[in-house]
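Novice:
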Amino acid sequence: MTPVSWKKMDLQWQILTGIIAGLVLGLWANHVYGSGLTQGPVYDIKIVFQFGGELFIRLLRMLIVPLVFASIFMSIVRLGDIRELKKIGLTTVVYYLVTTALAVMVGMILVNLIHPGRGMDPETLAVLKNSMEIPDHVLAQGVGQRSSLMIILRTFVEMIPDNPLAAMARADILQVIFYAVFLAVISALIADKARAFIHVVDSMDQIMIHSIMLIMRIAPYCIFFLVTTLMMDLGFQAIVALGKYAMTVLLGLAVHACLVLPLLVFLIGRYNPFRLFRAMMPAVLTAWSTASSVATLPISLDSLEKRAGVHRKIANFVLPLGATVNMDGTALYESVAVIFIAELLGFPLAFGTQVIIFITATLAAIGAAAIPGAGLVTMGIVLTAAGLPLEGIGLILAIDRILDQFRTAVNVWGDATAGVVVGRLDNAITD
Numbered sequence: 101m102t103p104v105s106w107k108k109m110d111l112q113w114q115i116l117t118g119i120i121a122g123l124v125l126g127l128w129a130n131h132v133y134g135s136g137l138t139q140g141p142v143y144d145i146k147i148v149f150q151f152g153g154e155l156f157i158r159l160l161r162m163l164i165v166p167l168v169f170a171s172i173f174m175s176i177v178r179l180g181d182i183r184e185l186k187k188i189g190l191t192t193v194v195y196y197l198v199t200t201a202l203a204v205m206v207g208m209i210l211v212n213l214i215h216p217g218r219g220m221d222p223e224t225l226a227v228l229k230n231s232m233e234i235p236d237h238v239l240a241q242g243v244g245q246r247s248s249l250m251i252i253l254r255t256f257v258e259m260i261p262d263n264p265l266a267a268m269a270r271a272d273i274l275q276v277i278f279y280a281v282f283l284a285v286i287s288a289l290i291a292d293k294a295r296a297f298i299h300v301v302d303s304m305d306q307i308m309i310h311s312i313m314l315i316m317r318i319a320p321y322c323i324f325f326l327v328t329t330l331m332m333d334l335g336f337q338a339i340v341a342l343g344k345y346a347m348t349v350l351l352g353l354a355v356h357a358c359l360v361l362p363l364l365v366f367l368i369g370r371y372n373p374f375r376l377f378r379a380m381m382p383a384v385l386t387a388w389s390t391a392s393s394v395a396t397l398p399i400s401l402d403s404l405e406k407r408a409g410v411h412r413k414i415a416n417f418v419l420p421l422g423a424t425v426n427m428d429g430t431a432l433y434e435s436v437a438v439i440f441i442a443e444l445l446g447f448p449l450a451f452g453t454q455v456i457i458f459i460t461a462t463l464a465a466i467g468a469a470a471i472p473g474a475g476l477v478t479m480g481i482v483l484t485a486a487g488l489p490l491e492g493i494g495l496i497l498a499i500d501r502i503l504d505q506f507r508t509a510v511n512v513w514g515d516a517t518a519g520v521v522v523g524r525l526d527n528a529i530t531d
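Quick note on the numbering used here: the sequence shown kicks off at 101 and runs consecutively.
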C-alpha cells in the first residue's frame, strides 16, 4: 500500500498532523528544558516558532473586517426578499439562544454531580489561593462596580457604532455586523440606485474568498508552530493541579459537542453529523490551535459552503454572527468554573443562586463578543451576579489557556451546526 503524499493529503489531515507533531515536540521540550528558557538555541527556535504562529494569526485577522462586512452584506442582498432576513435572522438567534442555554445546563448538571471543588489537597488549595488576582482586562470593563444586568445591556447597546470607520479600525466585529446589516437592508430596498456599491462589495467578497484559499496553504505549518510553543510553555504542570476541574469542563464540552449538537443536526437539520464534522475539521482544528472563533471565521466560511454544501447566503450570515454571539463552549465553561470557585472558597450555592448563574451565564456568553478578553470578563459578570468575589478568577488562570482552546473549538462547531439547521429550514443545503 503506497502512503499518501503530503501534497495529496486532505487539509484537515495536514492540520491534524501539524497539531500532533506540535504536541509531541512541545511537551518533550518542556520536559527536557522546562518552560523558563531565556537563552540558547532551543530558546531561539521557540522565538522563531512564536513568530511563525503569530504570522498566521495576523494574516487571518487581516481578512476579518472586510470578510465579515462583505459576507454579511452580500448574504442579505442575495436574499432578494427582505422578509427572508427576518425569518433567517429570527431562526438563527433562537437556535443560538437555545444551544447556549443547553450548554450551560449540561455544565451545571455535571459540576453538581462531580463536585470538582471538593476534596482538593490543602497545600494545593493554599497555593491556588495565594495566586488569586483579577486580570486587568476584567477590571477595565467595570466588572464588580456595575451590575451584571447593566454590563450585559450595555454590550447590546454598544453594538450600534457611533463611528463605523472607527469600529472597523478597532475590529469591533459586532458593530461591523450591525453596520453591514443596516447598509444591506437599505441597499436591497433601493436596489437599482445601489447597484454600483453592491458590485464593489461583491468584488470584495470574491477577493476575500480567494485570499482564504491562499493563506490556507501555510496553515498546517503555522499551526504546528503555535501548538509547539504553547506546549513548551504549559507542559503538564497546570493540568495536574486543577485536573478534576479540567476534566469536568472537558467532559461537559464533549457531551455538548458529541451528543447535544449532533442530535440537533440529525433531527432538525436532517444532516449526517459525521459528514458535517468531517467537512468542518479544518475550522475546528484551527479554532483549537488559535483559541479564536473570529480568527477562524475565514476557514469556517470556506468549509461550511464548499465542504458541507450550505448555501453561501446562509453561511455568510450565520457564521459571522455566530463567531460574535454564539459561545456554547464559553457558556458551559463559565457555569462549571463559577460553581467550582464557590466550592473551593466554601461559598454554599442555593438553588436560586444557581438559577441566577444559569440565566447570567447564558446572556453573558451571547454578549461576550463586544468585550475584550471575553471568557474571563463574562465569568466576572457571572461571579458578580452570584455574589462571589472577582478574585476567584485567579484560582483557574493557570489552566485557562488550554481550556480556552477546547471551548473555542466547541464554539466554532456550534456555529457550523447552526448553519446546517438554518440552511435546512430555508432549503439552502446541497445534499
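Think of the CB as a built atom: it goes at the ideal place given N, C-alpha and C, for glycine as much as any other residue.
Does the distance from the CB of GLY352 to the CB of ALA203 come in under 9 angstroms?
Specialist: Yes; because the gap between Cβ atoms is below 9 angstroms, this pair is in contact.
Novice: How would you call ALA442, buried or exposed, if buried means at least 16 neighbouring beta carbons within 10 angstroms?
Specialist: It is buried - the Cβ of ALA442 has at least 16 other Cβ atoms within 10 Å.
Novice: List the DSSP bridge partners of VAL410.
Specialist: According to DSSP, VAL410 bridges with ILE529.
Novice: What's the call for ASP144, buried or exposed, on a 16-neighbour Cβ count within 10 Å?
Specialist: That one is exposed.
Novice: My assumption, with CB atoms under 8 angstroms, is that ALA518 sits in contact with ASN426. Please give the rounded CB distance.
Specialist: Indeed, because the Cβ distance is near 7 angstroms, the residues count as touching under 8 angstroms.
Novice: Check whether the Cβ atoms of ALA346 and ILE499 lie closer than 9 angstroms to each other.
Specialist: Cβ atoms of ALA346 and ILE499: closer than 9 angstroms.
Novice: Which word fits HIS356, buried or exposed, when buried means at least 16 other C-beta atoms lie within 10 angstroms of its C-beta?
Specialist: Result: buried.
Novice: Suppose you measure from the CA of SER393 to the CA of LEU159; what does that come to, to the nearest Å?
Specialist: Roughly 15 angstroms separates the two Cα atoms.
Novice: Do VAL436 and ALA486 come within 9 angstroms of each other at the CB atom, strictly closer than that value?
Specialist: Contact: no.
Novice: For LEU127, decide whether its Cβ has a neighbour in chain D, counting only Cβ atoms nearer than 9 angstroms.
Specialist: Of the chains in the structure shown, none is chain D; there is only one protein chain.
Novice: Relative to the alpha-carbon of ILE164, which residue among MET304, VAL193 and THR192 has its alpha-carbon at the smallest distance?
Specialist: Of the listed residues, the one whose Cα sits closest to ILE164 is MET304.
Novice: For a test of the three-state rule: what should DSSP assign to HIS310, helix, strand or coil?
Specialist: Of the three classes helix, strand and coil, the one that applies to HIS310 here is helix, per DSSP.
Novice: Can you tell me the Cα-Cα spacing of ILE119 and PRO382, whole angstroms?
Specialist: So the alpha carbons of these two residues sit roughly 11 angstroms apart.
Novice: Which runs of the alpha helix (DSSP H) spanning at least 4 residues fall entirely within the stretch 264-323, listed in chain order?
Specialist: Listed in chain order, they are 264-270, 273-289 and 295-315.
Novice: Pick helix, strand or coil for PRO472, following the three-state DSSP scheme.
Specialist: Bear in mind that a pLDDT of 39 at PRO472, under 50, signals an unreliable position, so the number given afterwards is only what the model happens to contain. Here PRO472 sits in coil by DSSP.
Novice: For ARG295, which of MET174, ILE182 and SER403 has the nearest alpha-carbon?
Specialist: Of MET174, ILE182 and SER403, the residue nearest in Cα terms is MET174.
Novice: Is THR199 near the ligand PLP - that is, is its Cβ less than 8 angstroms away from at least one heavy atom of it?
Specialist: This structure does not include the ligand PLP; it has no bound ligands of any sort.
Novice: Which same chain residues end up closer than 7 angstroms to VAL194 when comparing Cβ atoms and leaving out the 5 residues on each side of it in sequence?
Specialist: Cβ within range, chain order: n/a, list empty.
Novice: Please give me, in chain order, every unbroken run of the alpha helix (DSSP H) with length at least 4 that falls completely inside the stretch 374-409.
Specialist: Entirely contained in the stretch 374-409, the alpha helix (DSSP H) runs reaching 4 residues are, in chain order, 393-402.
Novice: Can you have a look at ASP515 and say buried or exposed, based on whether 16 or more other CB atoms are within 10 angstroms of its CB?
Specialist: With 16 or more other Cβ atoms within 10 Å, it is buried.
Novice: Could you give the C-beta distance for VAL276 and VAL142, rounded to a whole number, given that I count them as a contact under 8 angstroms?
Specialist: VAL276 to VAL142, Cβ: 41 angstroms. No contact.
Novice: Are ALA408 and SER171 closer than 9 angstroms when you measure CB to CB?
Specialist: No. Outside cutoff.
Novice: Identify, in the order they occur along the chain, each residue of the same chain with its Cβ nearer than 6 angstroms to the Cβ of GLY369, setting aside the five sequence neighbours on each side.
Specialist: Contacts found: VAL520, VAL521 and ARG524.
Novice: Using alpha carbons as the reference points, say which of PHE377, ALA379, THR396 and ARG378 lies closest to THR386.
Specialist: The shortest C-alpha separation from THR386 is found at THR396.
Novice: Give me the residue from ALA461, THR424 and GLN114 with the minimum Cα distance to THR192.
Specialist: The residue with the shortest Cα to Cα distance from THR192 is THR424.
Novice: Let me make sure I understand the geometry here. Which of PRO489, ALA284 and MET380 has the alpha-carbon closest to that of VAL301?
Specialist: With distances taken between Cα atoms, VAL301 lies closest to ALA284.
Novice: Just verifying my parser: in three-state terms, what is the DSSP assignment at GLY514?
Specialist: GLY514 falls in the helix class under three-state DSSP.
Novice: May I ask you to report which of helix, strand or coil DSSP gives ARG183?
Specialist: Looking at ARG183 - three-state DSSP - the assignment turns out to be helix.
Novice: VAL482 to THR430, Cα distance in whole Å?
Specialist: In a straight line, the C-alpha of VAL482 is about 12 angstroms away from that of THR430.
Novice: Nearest-angstrom Cα distance between MET316 and LEU179?
Specialist: Computed Cα separation, rounded: 29 angstroms.
Novice: What did DSSP end up calling ILE368 once you bin it into helix, strand or coil?
Specialist: Residue state, collapsed to three classes: coil.
Novice: Could you spell out where the alpha helix (DSSP H) holding GLN112 opens and where it closes?
Specialist: It spans 111-133 - the alpha helix (DSSP H) in which GLN112 sits, taken as one unbroken run.
Novice: What separation, rounded to the nearest whole angstrom, lies between the Cα atoms of PRO264 and LEU503?
Specialist: Distance between the alpha carbons of PRO264 and LEU503 is about 34 angstroms.
Novice: How is ARG158 classed by DSSP in three states: helix, strand or coil?
Specialist: In the structure shown, ARG158 sits in a helix (DSSP, three-state: H, G or I).
Novice: Tell me the residue span of the alpha helix (DSSP H) that contains ALA431.
Specialist: 428-445 is the extent of the alpha helix (DSSP H) around ALA431.
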